[in-house]
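Enquirer:
2 protein chains.
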Amino acid sequence: MTTLDEQLKSTQKKVNALIDQILSAEGRPKVLYKASRHLIEAGGKRLRPFVALKACELVGGNEEDALPAATAVELLHSFTLVHDDVMDRSKMRRGVPTVHVLYGIPMAVNAGDLIFARVYDAILDHTNRTHVSSERILRVLSIITQATISVCEGQARDISFEKRKRVTEAEYFEMVRWKTAALYEAAAKVGAIVGGGTEDQISSLGNFAHNAGVAFQIRDDILGLIGDEAVLKKPVGDDIRQGKQTILVTYALKHANQMQRKKILVALSNPKATAKQIQEAIDVIQSLGAVAYANKKAEEFTENAKTQLSSFPDSPAKTALLELAELFITRKY
Amino acid sequence: MTTLDEQLKSTQKKVNALIDQILSAEGRPKVLYKASRHLIEAGGKRLRPFVALKACELVGGNEEDALPAATAVELLHSFTLVHDDVMDRSKMRRGVPTVHVLYGIPMAVNAGDLIFARVYDAILDHTNRTHVSSERILRVLSIITQATISVCEGQARDISFEKRKRVTEAEYFEMVRWKTAALYEAAAKVGAIVGGGTEDQISSLGNFAHNAGVAFQIRDDILGLIGDEAVLKKPVGDDIRQGKQTILVTYALKHANQMQRKKILVALSNPKATAKQIQEAIDVIQSLGAVAYANKKAEEFTENAKTQLSSFPDSPAKTALLELAELFITRKY
Chain A
0 MTTLDEQLKS TQKKVNALID QILSAEGRPK VLYKASRHLI EAGGKRLRPF VALKACELVG
60 GNEEDALPAA TAVELLHSFT LVHDDVMDRS KMRRGVPTVH VLYGIPMAVN AGDLIFARVY
120 DAILDHTNRT HVSSERILRV LSIITQATIS VCEGQARDIS FEKRKRVTEA EYFEMVRWKT
180 AALYEAAAKV GAIVGGGTED QISSLGNFAH NAGVAFQIRD DILGLIGDEA VLKKPVGDDI
240 RQGKQTILVT YALKHANQMQ RKKILVALSN PKATAKQIQE AIDVIQSLGA VAYANKKAEE
300 FTENAKTQLS SFPDSPAKTA LLELAELFIT RKY
Chain B
0 MTTLDEQLKS TQKKVNALID QILSAEGRPK VLYKASRHLI EAGGKRLRPF VALKACELVG
60 GNEEDALPAA TAVELLHSFT LVHDDVMDRS KMRRGVPTVH VLYGIPMAVN AGDLIFARVY
120 DAILDHTNRT HVSSERILRV LSIITQATIS VCEGQARDIS FEKRKRVTEA EYFEMVRWKT
180 AALYEAAAKV GAIVGGGTED QISSLGNFAH NAGVAFQIRD DILGLIGDEA VLKKPVGDDI
240 RQGKQTILVT YALKHANQMQ RKKILVALSN PKATAKQIQE AIDVIQSLGA VAYANKKAEE
300 FTENAKTQLS SFPDSPAKTA LLELAELFIT RKY
């Protein structure tokens, strides 16, 4: 039996090969395609496609049939990252400068749009139509579309949060559901649909991935605060500087005394905050127990996720998904 | 029999009503939806949806069935405008400030993405599935997707042109085919597909709209140079300032002597060009016969477009499309 790590590597290979084909610059404007491939080629764990492929396998489908939809989800994720980096003015991701830093904002916007269009191209042009019915393809496209709308709406909320001093934990979770969990949920659902799953199976797998996705985002927030920059390949403290209202920030602000609050707010959403101010804010947030609290929440969502799979009999695909959910909250990057 | 103008108004009403529904802010992030609706509500002639509806009617289809796909084409057009304005740093369109001027670049990028997603939502969620088969819907989605890819690639070329001193007429036409004609072509094709047209009919209508679309863009270039600002609702001379390599510019630069070339190049792609420098450049371009040449080219493409419809028997829909092609090259705005 192969380990989760080996399975993830195998998915990466397949997804990367299909992306290579879909974003081939052959006979196309070279700079646009270079810009579009930049972030994708810089790395990424292809976790969302993995969820899609394993969901397909778990309902008894042929993993290969789900590869185009799985790859589409990765492209969708990539397009949102390229545009998010423009919106957040982020300078680094995956250890390399972001697309707009290298190619300028116009080309980064354009590249994101192209990748977005290629999401649909991946499904429409590459799905095996003798194996997957038109009805199912249409349903996959609907789910992809609704997930994109959700991500856009989550991003809008995220932007508006950055201008606010206080955001409640409930608002934080709503934003995470829209912006992150929706895409994991879509990945699982499209995999299950292509694989011919029942409505119950599609729904359970969607719920599994949704809850695991929330936990994933909480872990992201933790790593963004106290992760190892060298492993993470992006600057720790950026979230604070950009004013991201993560669960750690909302928790800390709720429990801070006046002096602690001041130390957080002087760094939060302040692009000119010094390294010392950022570190002090991080120290205060940690001292208030925010990391421990976030970890506890992440574990709760993970447990909830795993429960969703209880009706499926044991299988390698189920084991892989359960292990993946654990990885989401233990990963170092 | 209703006039073209009355028919256009009727289309506007129907398309606007469906867009209202699709971009309803009910229960959604308000600012995002306001930003998404801003440009659409500021005006626009809904010419592309009109092409789709008339193409559907011309092949014997029910116009109502094509409304979602027609509206999707308008949304696609709107999304590209919102992002193009970000990329081109345009300040005004349709007589109002552009989305990024009012809402900031992050929200404008985000709004464009949302409108893009809603393109697919319009088709997937609103097409009458008892009238239009899944197969046809998938084909419509493929055409929409390929048109978007074409527009993105055309835009990339457009961006790269602005950095170059000289662009050939052949390169100009290639860019126009990708960026403008592709979308008109897609509008006609999706209408014909929904309407149940034969392959020949779909292809003829596509060619008609493609050629009419090139003529439309040439007219746009002419109006951008010598149009009436009050009617046009955007600053004349912006194309020069932004360095747009229109057919008028490529023609003028080809035929200019050294002094004339200097007068064009001092204003072209120079954001700091004075009003006097812009006017001098326009005067030189006109004096070289560029407008007359562009008009001639536009007429050639229009004639070619009309020829594509010769195999269709006379009908109100055919008359409307032929009149529309004329309107494309005679319009004042």
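Here the protein sequences come in this chain order: A and B. Using numbering that gives the first Met the number 0, read the first sequence as starting at 0 and increasing by one per residue. Using numbering that gives the first Met the number 0, read the second sequence as starting at 0 and increasing by one per residue. C-beta atoms are modelled at their ideal positions from N, C-alpha and C, and glycine is treated no differently.
Would you call the region 79-86 of chain B and the region 19-31 of chain B in contact, with 3 or more CB pairs under 8 Å?
Expert: At 8 Å Cβ cutoff, the stretches do not touch.
Enquirer: Hey, would you say Asn127 (chain A) sits closer than 9 Å to Glu63 (chain A), going by beta carbons?
Expert: Their beta carbons are under 9 Å apart, which means Asn127 (chain A) touches Glu63 (chain A) by this criterion.
Enquirer: Taking the alpha-carbon of Tyr171 (chain A) as reference, which of A:Arg330, A:Phe160 and A:Leu204 has the nearest alpha-carbon?
Expert: The shortest C-alpha separation from Tyr171 (chain A) is found at A:Phe160.
Enquirer: From the DSSP output, in three-state form, read off Arg380 (chain A) for me.
Expert: Past the boundaries of the shown model lies residue 380 (chain A); chain A is included only from 0 to 332, so the question cannot be answered.
Enquirer: I'd like to know whether the C-beta atoms of Asp199 (chain A) and Gly223 (chain A) end up nearer to each other than 9 Å.
Expert: Going by C-beta atoms, Asp199 (chain A) is not nearer than 9 Å to Gly223 (chain A).
Enquirer: Give the interface partners of Gln154 (chain A) over in chain B, defined as CB-CB distance under 7 Å, in chain order.
Expert: Ordered by position in chain B, the residues that pass the 7 Å Cβ test against Gln154 (chain A) are Asn109.
Enquirer: Taking 9 Å as the threshold (C-beta atoms), are Thr97 (chain A) and Asp112 (chain B) in contact?
Expert: Contact: no.
Enquirer: Between Tyr171 (chain B) and chain A, is the shortest Cβ-Cβ distance under 9 Å, so that the two count as touching?
Expert: Not one chain A Cβ lies under 9 Å of Tyr171 (chain B).
Enquirer: Which residue spans inside the region 286-330 of chain B form an unbroken beta strand (DSSP E) run of at least 3?
Expert: Counting only runs of 3 or more, we get nothing.
Enquirer: Quick one: is Asp87 (chain B) near chain A, going by C-beta distance under 9 Å?
Expert: Yes, Asp87 (chain B) counts as interfacial toward chain A.
Enquirer: Quick one: what's got a C-beta closer than 8 Å to Gln11 (chain B)'s C-beta in the same chain, skipping five residues either side?
Expert: Answer for Gln11 (chain B): Lys44 and Arg45, listed in chain order.
Enquirer: From Leu320 (chain B) to Thr273 (chain B), what does the alpha carbon distance come to, in whole angstroms?
Expert: Approximately 41 Å between the Cα atoms of the pair.
Enquirer: Against Ala82 (chain B), what residues of chain A qualify as contacts under a CB-to-CB distance less than 8 Å, listed in chain order?
Expert: At residue 82 (chain B) the sequence reads His, which differs from the Ala that was named. Simply Val108, Asn109 and Asp112.
Enquirer: Please confirm whether Pro312 (chain A) has its beta-carbon closer than 9 Å to some beta-carbon of chain E.
Expert: Given the protein chain composition of this structure (A and B), no chain E is represented.
Enquirer: Is the Cβ-Cβ distance between Ala293 (chain B) and Ile246 (chain B) less than 9 Å?
Expert: In contact: Ala293 (chain B) and Ile246 (chain B) (Cβ atoms closer than 9 Å).
Enquirer: Taking 9 Å as the CB-CB cut-off, is Arg117 (chain B) touching chain A?
Expert: So yes, Arg117 (chain B) belongs to the interface.
Enquirer: Using a 10 Å radius around the Cβ and a threshold of 16 neighbouring Cβ atoms, would you call Pro28 (chain A) buried or exposed?
Expert: Classification of Pro28 (chain A): buried, given that the 10 Å Cβ count is 16 or more.
Enquirer: Could you spell out where the alpha helix (DSSP H) holding Pro48 (chain B) opens and where it closes?
Expert: From DSSP, the alpha helix (DSSP H) with Pro48 (chain B) extends over Leu46 to Leu57.
Enquirer: Is it the case that the region 191-198 of chain A contacts the region 284-299 of chain A, given that we only count it when at least three CB pairs across the two stretches are under 8 Å?
Expert: Judged by Cβ distances under 8 Å, the region 284-299 of chain A makes no contact with the region 191-198 of chain A, as fewer than three pairs qualify.
Enquirer: With 16 as the cutoff for other CB atoms within 10 Å, does Ser77 (chain A) come out buried or exposed?
Expert: Ser77 (chain A) is buried by the Cβ-count criterion.
Enquirer: If contact means a Cβ-Cβ distance below 7 Å, which residues of the region 138-154 of chain A contact chain B?
Expert: If the cut-off is 7 Å between Cβ atoms, the region 138-154 of chain A has Leu140, Ser141, Thr144, Thr147, Ile148, Cys151, Glu152 and Gln154 near chain B.
Enquirer: Report the three-state DSSP secondary structure of Val166 (chain B) (helix, strand or coil).
Expert: Of the three classes helix, strand and coil, the one that applies to Val166 (chain B) here is coil, per DSSP.
Enquirer: Looking only at C-alpha atoms, which of A:Ile225, A:Asn109, A:Tyr32 and A:Ser314 sits nearest to Ala291 (chain A)?
Expert: Of the candidates A:Ile225, A:Asn109, A:Tyr32 and A:Ser314, the one whose C-alpha sits nearest the C-alpha of Ala291 (chain A) is A:Ile225.
Enquirer: Give the straight-line distance between the Cα atoms of Ser141 (chain A) and Leu52 (chain A), rounded to the nearest whole angstrom.
Expert: Cα to Cα, Ser141 (chain A) sits roughly 18 Å from Leu52 (chain A).
Enquirer: Which bits of chain A does Arg47 (chain B) rub up against, with CB to CB less than 8 Å?
Expert: None at all; the shortest Cβ gap to chain A is about 17 Å.
Enquirer: Do Ala180 (chain B) and Val139 (chain B) come within 9 Å of each other at the CB atom, strictly closer than that value?
Expert: Contact flag unset, no.
Enquirer: Got a sec: is the Cβ-Cβ distance from Arg27 (chain A) to anything in chain B below 9 Å?
Expert: Yes, Arg27 (chain A) lies at the interface with chain B (some Cβ there is under 9 Å from its Cβ).
Enquirer: Cβ of Leu267 (chain B) less than 9 Å from any chain A Cβ?
Expert: Not closer than 9 Å to any Cβ of chain A, the Cβ of Leu267 (chain B) fails to qualify, so no.
Enquirer: In whole angstroms, what is the alpha-carbon distance linking Ala41 (chain A) and Ala155 (chain B)?
Expert: For Ala41 (chain A) and Ala155 (chain B), the distance between alpha carbons rounds to 22 Å.
Enquirer: For Tyr332 (chain A), which residues of its own chain have a beta-carbon under 6 Å away from its beta-carbon, when the five flanking residues on both sides are left out?
Expert: The answer, listed in chain order, is Val230 and Leu231.
Enquirer: What is the DSSP secondary structure of Arg27 (chain A), reduced to helix, strand or coil?
Expert: Looking at Arg27 (chain A) - three-state DSSP - the assignment turns out to be coil, as it is neither helix nor strand.
Enquirer: Measuring alpha carbon to alpha carbon, tell me which of B:Val248, B:Lys233, B:Leu17 and B:Val14 ends up nearest Glu168 (chain B).
Expert: Ranking B:Val248, B:Lys233, B:Leu17 and B:Val14 by Cα distance to Glu168 (chain B) puts B:Val248 first.
Enquirer: Taking Cβ to Cβ, would you say Val235 (chain B) is nearer than 9 Å to Ala54 (chain B)?
Expert: It is not a contact, given that the beta carbons lie outside the stated cut-off.
Enquirer: Can you tell me whether Glu161 (chain B) is helix, strand or coil according to DSSP?
Expert: Coil, per DSSP.
Enquirer: Are there 16 or more other CB atoms within 10 angstroms of the CB of Gln20 (chain A), so buried, or fewer, so exposed?
Expert: When all chains shown are included, Gln20 (chain A) counts as exposed.
Enquirer: Any chance you could list the beta strand (DSSP E) runs of at least 3 consecutive residues sitting entirely within the region 193-262 of chain A, in chain order?
Expert: The region 193-262 of chain A contains no whole beta strand (DSSP E) run of 3 or more residues.
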